[in-house]
Amino acid sequence: MFSNLPFWLINIVTLILLTSPLFLLLPYLLVLFFIFVIPLLIFFLYCYFSLQRSQSPIQAFENIVIAHRGGHPLVLSNEVDDFPENTIAAYRWASKMKGANGIELDVWLSRDHIPMVSHDGYLEHTFANCREFISSLTCEQLKQLKYWKKNKRDIYDQIGCETIPTLEEVIIFLEPTKLKLMIEIKETRKISEMTKIVNDLYVRYPYLYERAYCAAFHPYNLYSIRRLNPRITTAFLFVPDITKYLIRNASQTPHPFPKVFIDNVLLRWIIDSIMMWFGTPTGLKFLGADLACVEQRQVSQNFLDEYKNQRMIVCAWCVNEREQYQWLRANGVSIITDTLFDIDDK
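Every letter in the sequence shown is one number past the one before it in the working numbering, and letter 46, counting from 1, is 857.
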């Protein structure tokens, strides 16, 4: 008899549950849970983890023209203007352009944790004689590389004597100029280290609080920076199909995305949706960001009205058509451009 006790206990408990009012109410309780409890929990978590907006003035970044990677002339007039992107030579040229209010650059960490300025993490695209990643070389090794480009005979020629700059070198160069600085953080593997380094640079060069902001596609880059130093202004970069962008860029790093992720359409859609939410005014407030940096094709009057109502600045990239440039400037949008400088008076 006692050997069948568990069986009888299970049957008795099941019978009680099936005949109890609570069991009959269970479907309604579940509906109430999903309708009220979960949204309230999400709202509580949002309010608890949201960061305050920047404590630095942000008006300086409104309706300005930013030279993409330092920019370059629309037409080369001399050899001096034939400089590599993201170099001191490019920034020096931008500082002399009447229509350029700031520069944009991209930052990765070297093997010895020095922030280096380069658009790509894989160096062969910029340095034809180097098939390495920035993260695999020290700052000293990176400084030995020379910029090359193909000439008309498909032969690589060295471009001047420029070397890959560190972020600190650029900051020192820009201080006596009036240029503002957009720091796009490409580093996604060592976010904590990058956050501390960026904060240290702001502390050592306080002018950055009024003339610079940090931008990134990875929301945690911005969240980490703003949580450590609320005075740093940040901007979230986003596009509708961010996973496609991330996969393409990850292929240029030592850590490409696994094929399982690339082929998983549902997972990519979920990530795209989450990233787009971070780009909404509500998502930007959660990150403590003040600027939304978007591809120019996303910008419309309704889009601008939505962000302006929340006192947020919109920055469009990459604007290289004169008509689009003029429409965006007329609507108070900051733009990032490769070539369109000093044209407002023409």
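Beta carbons: idealized from backbone N, C-alpha and C, even for Gly. All of these numbers come straight from a predicted model, not from anything done at the bench.
Item to complete: Kindly give me the distance between the Cβ atoms of Glu915 and Arg864, rounded to whole angstroms, as I take these residues to be in contact under 8 Å.
Response: Not quite, the Cβ-Cβ distance comes to about 22 Å (not below 8 Å), so this is no contact.
Worksheet item: CA-CA distance, Pro987 and Lys1096?
Response: 33 Å
Worksheet item: From the DSSP output, which residues share a beta bridge with Ala878?
Response: Ile914, Thr1148
Item to complete: Assign Glu1134 to one of three DSSP states: helix, strand, or coil.
Response: helix
Item to complete: Could you spell out where the alpha helix (DSSP H) holding Thr1045 opens and where it closes?
Response: Looking at the DSSP string, Thr1045 is not in any alpha helix (DSSP H); the run it does join, the beta strand (DSSP E), is 1045-1049.
Worksheet item: Around the C-beta of Trp1224, are 16 or more other C-beta atoms found within 10 angstroms, so that it is buried, or is it exposed?
Response: The structure shown has nothing for residue 1224, since the chain only spans 812 to 1157.
Worksheet entry | DSSP-derived helix/strand/coil call for Glu1004 | helix
Item to complete: Entirely within the region 1059-1085 and at least 3 residues each: give me those beta strand (DSSP E) ranges in chain order.
Response: none
Practice prompt. Mind reading off the beta-carbon distance from Leu1012 to Leu978? Whole number of angstroms is fine, and I expect it under 8 Å.
Written response: 7 Å
Practice prompt. Sort Leu1039, Tyr1016, His883 by Cα distance to Leu1098 and report the nearest one.
Written response: Leu1039
Practice prompt. In angstroms with no decimal places, state the Cα-to-Cα distance between Lys992 and Glu896.
Written response: Rather than Lys, the amino acid found at residue 992 in this sequence is Leu. Taking the straight line from one Cα to the other gives about 15 Å.
Worksheet item: Touch check for the region 1131-1144 and the region 1069-1088: three-plus C-beta pairs under 8 Å?
Response: no
Practice prompt. Report back the beta-carbon spacing between His883 and Ala901 to the nearest angstrom; my notes put them in contact at under 8 Å.
Written response: 7 Å
Worksheet item: DSSP beta-bridge partners for Trp1128?
Response: Glu1106
Worksheet entry | Assigned secondary structure, Leu990 (DSSP; H/G/I helix, E/B strand, else coil) | coil
Practice prompt. Specify, as a first and last residue, the run of the alpha helix (DSSP H) that Tyr1031 falls within.
Written response: 1030-1039
Worksheet item: For Leu1151, which option in Ile853, Ile875, Ser867 has the closest C-alpha, if you only look at C-alpha atoms?
Response: Ile875
Item to complete: Using DSSP bridges, identify the partner residues of Met927.
Response: Trp919, Thr977
Discussion item. Below 8 Å on the Cβ atoms is my contact criterion, and I expect Ser906 with Leu990 to pass it. Report the Cβ-Cβ distance as a whole number of Å.
Written reply: 6 Å
Worksheet item: Count the other CB atoms within 10 Å of the CB of Lys963; is the residue buried (16 or more) or exposed (fewer)?
Response: For Lys963, the predicted structure reports a pLDDT of 47, less than 50, and the residue's modelled location is therefore unreliable. The matter cannot be settled from this model.
Worksheet item: What do you reckon, are the CB atoms on Thr1045 and Leu1033 nearer than 8 Å?
Response: yes
Worksheet item: Which class does Glu1117 belong to by DSSP, given the choice of helix, strand or coil?
Response: helix
Discussion item. Tell me the DSSP secondary structure of Ile869 in three-state form.
Written reply: coil
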